[in-house]
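All remarks here apply to the structure that follows.
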Amino acid sequence: MIRLQIPSHADYIDIVRVCLYGIASKLSFSYEDIEDMKVAVSEACTNAVLHGRPAEEGGSLIDVTFQPTEAGITIVVKNDGPPFAHQEITAIAPPLQGIEISELPVGGLGIYLMEALMDEVSVQSNDNSTEVILTKYISE
Amino acid sequence: MKAQQFQIEQKETNDSYILSLAGELDLSVVPQLRSALEPVMDRKDQKLVLNLRELSYIDSTGIGIIVSILKYRDGIDAPFSVTDIPPTIQRLFDLTGISGYLTEGTEQ
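Chains as they are written, first to last, in this note's numbering: chain A, 34 to 173; chain B, 6 to 113.
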């Protein structure tokens, strides 16, 4: 298992992508799969930065763990702070479709992209922390 | 992986105002992009163009900004288009459904 800890700030999300790229390349994921994972993991980190407990309240770090398995990789993004709104996505339809331009939602795409780009996504929250668990299998 | 720094190049032609984006567009560069957009969002005489040829990464933060430009420009009845979309980015546009609005909604 590989652990990375970053300050809860947008400026460090690219470091997580660089690290993920290295690990996923070593595991022989395809270029497309790595690109997908980069977006999904960044989405989880973005949520952690935006919704995590601010530094002045003592919640200033995001924990990212990369767990390679035989079938692929599980990445856990954990932050301190109350849970962010999360609904299981049941519909496969893209969120931006069949709506008038003026009605298009500007937010809420992050969780949709995580679900669309990873094989498994789960969010576990308690009063003090939130964990987003992302799994991708190596395609044959 | 080349982590190219996010850059915005601005160019004005007879009928268009073109913002060419390069590098990685994520949460950390949102303020930079918003401040580049601010002075041109209301220009109804010019077509606003986002050229993504050199953009290597985008996520929901960037797509959210494009959605907000779409809505704003549509609201004031001003043209807006996104050009030279790299394949990896096009895929995310298709997944979220925004591509439908980019082609049908504002191009021409």
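From the three backbone atoms N, C-alpha and C, an ideal C-beta is built for every residue, glycine too.
Asked: For chain B, check one thing: does any of its Cβ atoms lie closer than 8 Å to the Cβ of A:Ser41?; Found: no
Asked: Hey, A:Pro127 and B:Thr93 are a contact pair by Cβ (cut 8 Å); roughly how many whole angstroms apart?; Found: With 8 Å as the limit, A:Pro127 and B:Thr93 do not qualify as a contact, their Cβ atoms being about 17 Å apart.
Asked: Could you give the distance in angstroms between the alpha-carbon of B:Ile63 and the alpha-carbon of B:Leu30?; Found: 5 Å
Asked: What does B:Val72 pair with, by DSSP beta-bridge criteria?; Found: Partner(s): none; B:Val72 has no beta bridge.
Asked: If I follow the unbroken beta strand (DSSP E) through A:Thr98, where does it start and stop?; Found: 94-101
Asked: I'd like to know whether the C-beta atoms of A:Glu163 and A:Thr107 end up nearer to each other than 8 Å.; Found: The sequence given here has Thr at residue 163 of chain A, not Glu. No, the Cβ-Cβ distance between A:Thr163 and A:Thr107 is not below 8 Å.
Asked: Which chain E residues are close to A:Asp44, counting only those with a beta carbon under 7 Å from its beta carbon?; Found: Of the protein chains in the structure, A and B, none is chain E.
Asked: Which residues, in chain order, does the region 67-83 of chain A contribute to contact with chain B at a C-beta distance below 8 Å?; Found: Glu68, Lys71, Val72, Ser75, Glu76, Thr79, Val82, Leu83
Asked: Give me the Cα-Cα distance between A:Val165 and B:Asp50, rounded to the nearest whole angstrom.; Found: 45 Å
Asked: Would you mind telling me which residues of chain B sit closer than 9 Å to A:Pro87, beta carbon to beta carbon, in chain order?; Found: Residues of chain B passing the Cβ test: none, with the nearest at roughly 15 Å.
Asked: Between A:Ile48 and the rest of its own chain, which residues show a CB-CB distance below 7 Å, the 5 nearest in sequence each way excluded?; Found: Ile39
Asked: Against A:Ser93, what residues of chain B qualify as contacts under a CB-to-CB distance less than 8 Å, listed in chain order?; Found: Near A:Ser93 there are no residues of chain B at all, since even the closest Cβ is about 16 Å away, more than 8 Å.
Asked: Mind checking if A:Val139 is an interface residue toward chain B, Cβ cutoff 8 Å exclusive?; Found: yes
Asked: Using only CA atoms, which one of B:Ser25, B:Ser21, B:Gly67 lies nearest to B:Pro36?; Found: B:Gly67
Asked: In the DSSP assignment, the alpha helix (DSSP H) including A:Asp113 goes from what residue to what residue?; Found: Looking at the DSSP string, A:Asp113 is not in any alpha helix (DSSP H); the run it does join, the beta strand (DSSP E), is 105-113.
Asked: With the cut-off set at 8 Å, would you say A:Leu146 and A:Ala57 are in Cβ contact?; Found: no
Asked: Any C-beta of chain B sitting closer than 8 Å to the C-beta of A:Gln130?; Found: yes
Asked: Over the uninterrupted beta strand (DSSP E) stretch that includes A:Tyr40, give me the two end residues.; Found: The sequence shown places Pro at residue 40 of chain A, rather than the Tyr named in the question. 35-40 is the span of the beta strand (DSSP E), which, as asked, contains A:Pro40.
Asked: Please check if any C-beta of chain A sits within less than 8 Å of the C-beta of B:Lys52.; Found: no
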